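First residue of the sequence shown: 0, per numbering that gives the first Met the number 0; consecutive thereafter. Note that the Cβ used here is the ideal one computed from N, Cα and C, for glycine as well. Keep in mind that this is a model prediction, so the values were computed, not measured. See below for the structure under consideration.
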Amino acid sequence: MRCSQDGQVITIVPVDSILPPGYPNKEGKVNDITGHTLWLLMQAINTENVTFILDSCHSGGARKGILTVRLRHGNRELNRTENSNIQLLASPQEQEYQKQLMSRLNLTASDLATERKKGVPKGIMLAAARTDQAAIDASFGDTAAGIFTYILTRYLWQQTGGESVSQVMVSATATTDRILREYFPTAGLLQQPEFNTREGSNNSQQAVYFLKPDQKIPAEAVVTQVQGNQVDLFLGGIDPRTLEAFGRGAILTLVDGEGKERGQVQIESRQELTAKGKLMQTRSNIASGTLLQERSRAIPSNLTLRIGLDASLQQAKQALEAIKRIEVVSLEQTNFHYILGRISPIYHQQLQQLKVKKLPEVGSIALFSPALDLVPDSAGIAGEKVTDAVERLRPKLKSLLAARLVKLTLNNSSSRLSVAAAMEAVDGSQLVAESFTVRSAKSGSFSQNRGVRGLTSNAQKIKQGTQVQFLVQNNELVPLYITVLLISVDGTLTVLSPLPGTGDNSPVTPGEKIQIPDRNRGERYKFKVAGETGIAEVLVIATTTPLTKAAL
Numbered sequence: 000m001r002c003s004q005d006g007q008v009i010t011i012v013p014v015d016s017i018l019p020p021g022y023p024n025k026e027g028k029v030n031d032i033t034g035h036t037l038w039l040l041m042q043a044i045n046t047e048n049v050t051f052i053l054d055s056c057h058s059g060g061a062r063k064g065i066l067t068v069r070l071r072h073g074n075r076e077l078n079r080t081e082n083s084n085i086q087l088l089a090s091p092q093e094q095e096y097q098k099q100l101m102s103r104l105n106l107t108a109s110d111l112a113t114e115r116k117k118g119v120p121k122g123i124m125l126a127a128a129r130t131d132q133a134a135i136d137a138s139f140g141d142t143a144a145g146i147f148t149y150i151l152t153r154y155l156w157q158q159t160g161g162e163s164v165s166q167v168m169v170s171a172t173a174t175t176d177r178i179l180r181e182y183f184p185t186a187g188l189l190q191q192p193e194f195n196t197r198e199g200s201n202n203s204q205q206a207v208y209f210l211k212p213d214q215k216i217p218a219e220a221v222v223t224q225v226q227g228n229q230v231d232l233f234l235g236g237i238d239p240r241t242l243e244a245f246g247r248g249a250i251l252t253l254v255d256g257e258g259k260e261r262g263q264v265q266i267e268s269r270q271e272l273t274a275k276g277k278l279m280q281t282r283s284n285i286a287s288g289t290l291l292q293e294r295s296r297a298i299p300s301n302l303t304l305r306i307g308l309d310a311s312l313q314q315a316k317q318a319l320e321a322i323k324r325i326e327v328v329s330l331e332q333t334n335f336h337y338i339l340g341r342i343s344p345i346y347h348q349q350l351q352q353l354k355v356k357k358l359p360e361v362g363s364i365a366l367f368s369p370a371l372d373l374v375p376d377s378a379g380i381a382g383e384k385v386t387d388a389v390e391r392l393r394p395k396l397k398s399l400l401a402a403r404l405v406k407l408t409l410n411n412s413s414s415r416l417s418v419a420a421a422m423e424a425v426d427g428s429q430l431v432a433e434s435f436t437v438r439s440a441k442s443g444s445f446s447q448n449r450g451v452r453g454l455t456s457n458a459q460k461i462k463q464g465t466q467v468q469f470l471v472q473n474n475e476l477v478p479l480y481i482t483v484l485l486i487s488v489d490g491t492l493t494v495l496s497p498l499p500g501t502g503d504n505s506p507v508t509p510g511e512k513i514q515i516p517d518r519n520r521g522e523r524y525k526f527k528v529a530g531e532t533g534i535a536e537v538l539v540i541a542t543t544t545p546l547t548k549a550a551l
């Protein structure tokens with residue numbers, strides 16, 4: 000809603016707005032909606048209680064794998080020429096509409112310029128990214144959405160208090176960054192949502208939509224229609240990373256406004272964020288608007304790891320499909336998890352520019368993320384046979400599949416088990432990460448319970464050579480079995496605890512707090528950060544039965 004730092008006017012591009020003929024060698028008019036017009040439209044609204052959400056991006060973006068940036072090229076073409084004076088101009092219709100709005104609001108051009116410097120004229124404006132960043136669309140299984148829109152929507156579903164928009168945006172920004180790093184760890188994507196309010200107002204302390212939440216409980220879904228014992232559901236509160244686990248067989252609990260159970264719904268089918276289900280064990284009449292919470296997931300028995308296959312490697316299809324639970328799909332689809340392809344000369348040059356330490360050879364076969372990032376340690380040698388490459392990658396593919404399976408079970412935001420976990424440097428200098436089950440009244444973070452430092456903006460960065468340990472607190476009334484898994488930078492899944500080969504998987508007793516490794520239990524091994532630089536994940540899993548017996 001403002002001019003960018005280089006003086007260019009920010010616009011919203013309608014889907015049918017095209018560049019003028021001859022551009023960028025000739026200037027011309029475009030049917031864009033300019034920031035001036037948007038500001039005037041906001042000012043014309045006869046209320047202060049209005050929120051605008053812009054999940055849009057600048058024209059410097061591009062498609063990257065399955066990531067989509069909604070854009071119309073313009074600046075990029077202009078920058079390739081020497082015609083620095085060439086401009087895109089607002090259409091006559093746009094200029095005339097601005098004049099009508101200014102007359103209606105009794106504003107001169109000078110007034111408009113002065114007032115626009117004060118920010119948005121009414122309410123709150125949320126933006127998915129800064130003006131120099133790209134707002135990303137991504138595919139989550141069979142659902143595609145703007146990452147920010149999905150995250151904000153889910154956060155509001157889980158919201159139960161009266162958090163202000165400034166508090167909500169802190170969480171939304173952190174989650175946006177985390178999902179981008181988790182799904183596309185080496186893509187170098189940076190998307191920082193931000194918000195603006197009217198100068199001099201207290202709108203930053205208002206709720207996102209200026210409404211006091213009447214929802215006292217978090218939820219994953221809502222009933223939209225009831226016909227006999229059949230119900231239609233909208234799954235707006237489901238974590239996009241686990242949506243695939245809410246297909247046929249998953250069970251949701253119907254709850255009233257106080258969170259008391261009123262019955263259950265078993266999902267019979269799901270399409271994107273809508274589902275059909277069957278009422279089970281209902282204690283009263285169920286109406287549209289009834290909320291539901293997660294009870295149990297349904298991990299597909301035929302869960303696969305989908306590999307997009309480069310056109311030049313079609314002979315790898317048979318070898319890949321011979322590996323159990325590996326599914327080969329076309330790159331035209333967007334629901335693949337990894338890509339098998341070759342290192343091209345251009346891609347090799349890009350890696351050089353990024354100063355990648357282990358440069359793969361041009362022509363070598365490797366795995367890539369959906370965002371076209373090289374999976375570390377997946378490239379072979381130039382001239383390698385396709386079948387040999389598949390066989391070489393077999394262990395890594397199995398590890399990636401196992402990691403995918405485990406991630407579908409993670410539910411710290413909806414689990415009612417009362418448990419908290421943290422990872423810290425052994426010398427106490429850094430609390431690296433912490434997590435707790437938010438729906439349990441007895442859970443709490445270690446930084447709250449122990450008076451240690453809270454997480455800082457760079458707390459998840461940890462130096463090579465740092466020795467770490469894990470802390471787990473069981474606040475349940477029953478024993479819990481704890482498993483700690485590491486998904487390394489290259490996607491390899493490793494069991495950190497219980498230590499493989501020891502046969503020791505004793506539970507954590509009710510109320511007990513343990514360290515892993517625990518010298519009091521005679522555990523003499525150490526965990527030290529080493530290996531490739533990049534994003535790694537540590538998963539702490541708590542179950543009421545040993546994980547070897549748990550139904551994943």
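- No Cβ-Cβ contact shorter than 8 angstroms links ARG294 with GLN317.
- Contact between LEU232 and VAL221 is confirmed by a C-beta separation of about 7 angstroms, below the 8 angstroms threshold.
- Secondary structure note for ALA401: its alpha helix (DSSP H) is the uninterrupted segment 385-406.
- Apart from sequence neighbours up to five positions away, the residues of its chain that approach LYS512 with a beta-carbon distance below 8 angstroms are LEU470, VAL471, GLN472, ASN473, ordered along the chain.
- The beta carbons of THR543 and VAL494 sit no closer together than 8 angstroms.
- Straight through space, the alpha carbons of ASP15 and ARG103 are spaced by roughly 28 angstroms.
- In this structure, VAL483 sits near SER496, with a CB-CB distance shorter than 8 angstroms.
- The alpha-carbon separation between ASP426 and PRO499 amounts to approximately 26 angstroms.
- Look at GLY288 here: in three-state DSSP terms it is coil, with no helix or strand label.
- Just measuring C-alpha positions, the residue of SER377, ILE298, LYS397, SER287 sitting nearest LYS323 is LYS397.
- By DSSP's assignment, ALA541 forms a beta bridge with ILE481.
- If you ignore the 5 residues before and after VAL528, its C-beta comes within less than 6 angstroms of the C-beta of ILE461, GLN463, THR465, all in its own chain and listed in chain order.
- As the crow flies, the alpha-carbon of ASP131 is around 14 angstroms from that of LEU53.
- If you draw a straight line from the Cα of ILE540 to the Cα of GLN158, it is about 24 angstroms long.
- ILE380 and GLY530 have their C-alpha atoms spaced approximately 21 angstroms apart.
- Distance from the CA of GLN280 to the CA of GLU475, rounded to the nearest whole angstrom, comes to 27 angstroms.
- Looking at the DSSP output, ARG415 bridges to nothing.
- Assignment of beta-bridge partners to ILE534 by DSSP yields no partner.
- Counting C-beta atoms within 10 angstroms of its own C-beta, ARG403 has 16 or more neighbours from the protein chains shown and is therefore classed as buried.
- In this structure, LEU308 sits near LEU330, with a CB-CB distance shorter than 8 angstroms.
- Here ASP31 is buried: its Cβ has 16 or more other Cβ atoms, across all protein chains shown, within 10 Å.
- Counting of Cβ neighbours within 10 angstroms places ILE515 among the buried residues, the total reaching 16 or more.
- Secondary-structure assignment with DSSP links ASP231 through a beta bridge to GLN224, LYS275.
- When DSSP reads this structure, VAL467 sits in a beta bridge with ALA424, PHE526.
- By the neighbour-count criterion, in which a residue is buried when 16 or more other Cβ atoms sit within 10 angstroms of its Cβ, ASN284 is exposed.
- When the five nearest sequence neighbours on each side are left out, the beta carbons in the same chain lying within less than 6 angstroms of the beta carbon of ALA249 are those of ILE266, ARG296, ALA297, in order along the chain.
- At a Cβ-Cβ threshold of 8 angstroms, GLN332 and VAL385 do not count as neighbours.
- Contact check for LEU339 against LEU302 fails: the beta carbons are separated by 8 angstroms or more.
- Annotated three-state conformation of ILE146 is helix, per DSSP.
- Under a 10 Å Cβ-count criterion, VAL164 is classified as buried, with 16 or more other Cβ atoms of the shown protein chains found around its own Cβ.
- The beta-carbon distance between ALA424 and VAL467, rounded to whole angstroms, is 6 angstroms. This is short enough to meet the 8 angstroms contact definition.
- LEU350 sits in a helix when the DSSP states are folded into three classes.
- Under the three-state reduction of DSSP, TYR337 is assigned to strand.
- The Cβ atoms of ILE9 and GLY34 lie closer than 8 angstroms to each other.
- If you ignore the 5 residues before and after ARG393, its C-beta comes within less than 8 angstroms of the C-beta of ILE322, all in its own chain and listed in chain order.
- Scanning its chain for C-beta atoms nearer than 7 angstroms, with the 5 sequence neighbours on each side dropped, one finds around VAL167 the residues TYR154, VAL207, in chain order.
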